[in-house]
Structures are given as structure tokens and as C-alpha cells.
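In our numbering, the protein residues as written are 5 to 187.
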């Protein structure tokens with residue numbers, strides 16, 4: 005299977021919202037009010053985009069080979085599951101994955117890797133008709149990133165600038181670290 009790989013919506017907004025609900029006081033001590041406002045705006049925009057995606061999901065699925073919501077384990081686990089389901093390899097650019105800077109800052113405070121953090125409301129898609137797929141997304145005003153290509157190899161390649169690595173097997177959900185802290 006070959007085609008283009010897309011991420012619809014920013015990753016880890018769901019994880020950010022979870023931390024905002026769970027640790028708001030700590031976050032407010034660390035970050036200035038303006039930044040906290042940006043975090044809340046980012047979460048709200050992520051939720052609104054997720055609703056728009058759900059509204060056009062039948063059309064998106066018609067134009068794609070694979071289109072699934074990310075959940076536990078984030079984008080990197082979702083890529084593994086896509087590769088397994090479609091019997092494909094891929095090459096993606098880590099820096100092409102849409103993520104809000106506020107998400108990076110909030111998750112970093114708790115040593116949470118955003119690429120393995122839950123991302124409900126964000127979809128991973130594979131299509132062999134990128135022009136048609138992007139047309140649907142633009143009409144619905146959905147933010148997305150074209151992050152790479154699927155190929156006929158079994159390699160699951162992640163590019164990060166000059167660095168090349170290969171995708172690990174699925175990892176545990178990063179937010180589980182928080183429940184381990186209390187033990």
C-alpha cells in the first residue's frame with residue numbers, strides 16, 4: 005500500500021486538557037496568565053476541530069484507505085497500528101506532525117512525551133488521493149498536516165532533521181506516569 009499520511013488536528017490536545025483539569029493549580033504557578041489563556045484556547049480549538057472532523061468522517065473515510073482516531077499511546081502508537089492494518093511501511097517527518105507549542109510546554113513540565121500521549125480528537129489517515137482528501141479538509145476548514153508517505157517496504161522510518169530512526173513497538177500511554185507517581 006502506498007499513499008500520503010495525514011494527521012487531522014493537533015496531537016495531544018486531549019492529554020493537555022487532562023493535565024489542565026488535574027493539575028491546573030500547579031500549571032498556574034509555573035506559567036503566566038497569558039500562557040494559561042493560550043493553553044485553554046488551544047484545547048478549545050482542538051475540541052472544535054474534532055467536532056468538525058466527526059461531522060465529515062463518512063466523506064473522509066470514503067476518500068481514504070485508513071482513517072482512525074488516535075487514542076491511548078498517541079501518534080507513534082497510531083502509526084504502528086496503521087502500518088499493521090494496511091500492511092505497509094512508511095517514512096514520516098517528526099517535525100511535520102501538528103502540535104501546539106502550549107501542549108509541548110505543559111506536557112514537558114510532567115516529563116510526558118507528547119508523541120506517546122493520548123490524542124482523542126485527532127485522526128491519522130492514509131489516502132491514495134491526496135488532492136481529493138485535502139479538498140474535503142479545506143472545505144470543512146480542518147487543520148491538518150501531511151506528515152509523510154506509506155510505501156511497499158516494511159520499514160517504519162521517522163525522520164527528525166538529520167536523524168533517522170525506526171518506529172518502536174507500541175509503548176504505554178505516557179499519562180500513566182502520573183498515576184505511578186502516587187504509588
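Don't be surprised by glycine CBs; every beta carbon is placed ideally from N, CA and C.
Taking the Cα positions, residue 41 is about 10 Å away from residue 106.
With distances taken between CA atoms, residue 53 lies nearest to 141 out of 25, 141, 175. Boundaries for residue 117: no beta strand (DSSP E) harbours it, and the DSSP string shows neither H nor E there. DSSP places residue 95 inside the beta strand (DSSP E), whose first and last residues are 93-97.
Uninterrupted alpha helix (DSSP H) stretches at least 4 residues long and entirely within the segment 107-180 occur at 134-143, given in chain order. For residue 79, there is no enclosing beta strand (DSSP E); the residue is found in the alpha helix (DSSP H) stretching over 78-90.
Put simply, the backbone Cα of residue 37 is about 11 Å away from that of residue 44.
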